[in-house]
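Below is one structure, written out as structure tokens; comments come after it.
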Amino acid sequence: MKPTDPPERPLTFQRSIGADFDSLFLLMEEMESFCRQSRLSQALILQLQLVLEELVTNAIKYGYPGRDTGQIEVRLTIDPCTARLRITDDGAPFDPLAATPPDFARGLEEREIGGLGIHLIRKMMDTVRYERCGDKNIVTVCKKR
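This note's numbering runs 6 ahead of the 1-based position in the sequence shown.
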């Protein structure tokens with residue numbers, strides 16, 4: 007097997023963290039290490055890191071009004087054809103796909119803040135799906151390898 011060959015069987019990285027930035031930074035390091043060991047391309051690793059950082063940051067910053075913290079679960083599954091990242095949080099209901107896309111016709115100074123990260127995720131990933139299941143937000147993104 008060459009270093010760039012996909013894994014023969016699915017590989018899984020799974021972590022549960024508190025909704026805080028120290029935990030996010032550690033999580034990003036651990037996931038990057040897992041991705042390198044799984045022989046993902048540098049481009050795909052960077053894309054997955056951006057998705058992870060954007061979605062978890064949003065959950066940390068906006069998902070827990072009136073609460074000290076929450077729980078965020080991350081599961082990355084890599085098979086020969088796809089990388090699938092699922093992020094689950096127990097924060098306030100929020101569908102990032104319902105957010106209004108940025109208005110690129112307006113100048114940077116005139117644009118409303120927000121929405122650019124979700125826009126980038128939608129452009130980079132092959133599929134992006136949101137669901138609310140019980141008291142949890144679940145965002146799943148997939149990228150063909």
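Even for Gly, the Cβ is constructed at its ideal location relative to N, Cα and C. These numbers come from a predicted model, not from an experiment.
Cβ-Cβ separation, residue j to residue i (assumed contact under 8 Å), whole Å
i    : j   : result
I144 : R92 : 6 Å
I127 : I78 : Not a contact, Cβ separation roughly 16 Å.
Where the beta strand (DSSP E) containing residue i begins and where it ends
i   : result
T18 : 17 to 24
T75 : Careful: T75 lies outside any beta strand (DSSP E) and carries neither H nor E.
First and last residue of the uninterrupted alpha helix (DSSP H) at residue i
i    : result
R138 : Premise fails: R138 lies in the beta strand (DSSP E), 133 to 139, not in any alpha helix (DSSP H).
E14  : Run containing E14: none; DSSP gives neither H nor E here.
D28  : 27 to 43
Y70  : That residue, Y70, is in no alpha helix (DSSP H); it is neither H nor E in DSSP.
DSSP three-state assignment for residue i, whether helix, strand or coil
i    : result
A105 : coil
A98  : coil
L82  : strand
L91  : strand
Short Cβ contact (8 Å threshold) for residue i with residue j
i    : j    : result
D26  : D96  : no
T146 : R135 : yes
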